[in-house]
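For the sequence shown, my numbering assigns the number 804 to the initial residue and increments by one for each residue that follows. The structure appears right after this line, and notes come after that.
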Amino acid sequence: MHLTAQLLISHGRMYRRMGLGPRSRVDMLRCLLTALVRHERIETTLARADEMRGYAEKLVEHAKRGDLDTRSMELADFWLTEKDLIPKLFHVLSARFRDRSGNYVRMREIQNVDGTDRARLAVIEYRGNPLPPLPSPRPSTGKANGLLNQLLEGLRRDAAGPGPGPGP
804 MHLTAQLLIS HGRMYRRMGL GPRSRVDMLR CLLTALVRHE RIETTLARAD
854 EMRGYAEKLV EHAKRGDLDT RSMELADFWL TEKDLIPKLF HVLSARFRDR
904 SGNYVRMREI QNVDGTDRAR LAVIEYRGNP LPPLPSPRPS TGKANGLLNQ
954 LLEGLRRDAA GPGPGPGP
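In structure tokens:
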């Protein structure tokens, strides 16, 4: 078989294995999507947020077609476990993104607060939500911005002696 023929063979789609099996993965994604539509911002692990992002985008894309489209209603009925959120999806979120052609969801990695779990965390949110904005990540200066490095930097400044005082 030639190399070009091997490239055209479909070997199936690979997903992240989260949970006990495919059914558990879908149930987890449904719960996360329902929480995202209800709260418009949720905090979860980075892998779950990254996996859910495409489904959240597709859900809004279908909702923009309107609630009279049967395929859109079937998708909303399947993915949203709380049926009282279907009008919010079709009337609030689709109206917000009417002029956008994509990129409805923003995802940002955040630091682990308690330090007990080593899972990388992320915040995923719909753009234009009424919640206060997330703090922007600090620009990388090439060295770690940890507490130890800040303390060492202050110690070096103190050891160097008094610098120029405040101006007049």
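Even for Gly, the Cβ is constructed at its ideal location relative to N, Cα and C. Predicted, not measured: the structure shown is a model, and the values here were computed from it.
{"Query": "Buried or exposed (CB count within 10 angstroms, at least 16 for buried), residue 847", "Result": "buried"}
{"Query": "Residues near residue 856 by beta carbon distance below 7 Å, same chain, minus five either side", "Result": "908, 910 and 927"}
{"Query": "CB contact flag (residue 837, residue 873, <7 Å)", "Result": "no"}
{"Query": "Simplified DSSP state of residue 848, which is helix, strand or coil", "Result": "strand"}
{"Query": "Which residues DSSP lists as bridging residue 960, in chain order", "Result": "Its beta-bridge partners do not exist; DSSP assigns none."}
{"Query": "Buried versus exposed, by CB contacts within 10 Å (16 or more), residue 843", "Result": "buried"}
{"Query": "Which residues DSSP lists as bridging residue 863, in chain order", "Result": "Paired residues: none, contrary to the question."}
{"Query": "Burial state of residue 851 (16 or more Cβ within 10 Å)", "Result": "buried"}
{"Query": "Top-ranked residue by Cα proximity to residue 840, from 822, 959, 903 and 895", "Result": "895"}
{"Query": "Close Cβ partners of residue 866 (< 7 Å) along its chain, the five nearest in sequence each way excluded", "Result": "875, 879, 892, 893, 896 and 897"}
{"Query": "Pair within 7 Å by beta-carbon distance, residue 931 and residue 901", "Result": "no"}
{"Query": "Boundaries of the alpha helix (DSSP H) in which residue 874 is found, first to last residue", "Result": "873 to 882"}
{"Query": "Expected contact under 8 Å - CB spacing of residue 824 and residue 831 to nearest Å", "Result": "Not confirmed; about 11 Å, so no contact."}
{"Query": "CA-to-CA distance, residue 833 to residue 963, given in whole angstroms", "Result": "58 Å"}
{"Query": "Residue 864 versus residue 826: straight-line alpha-carbon distance, rounded", "Result": "24 Å"}
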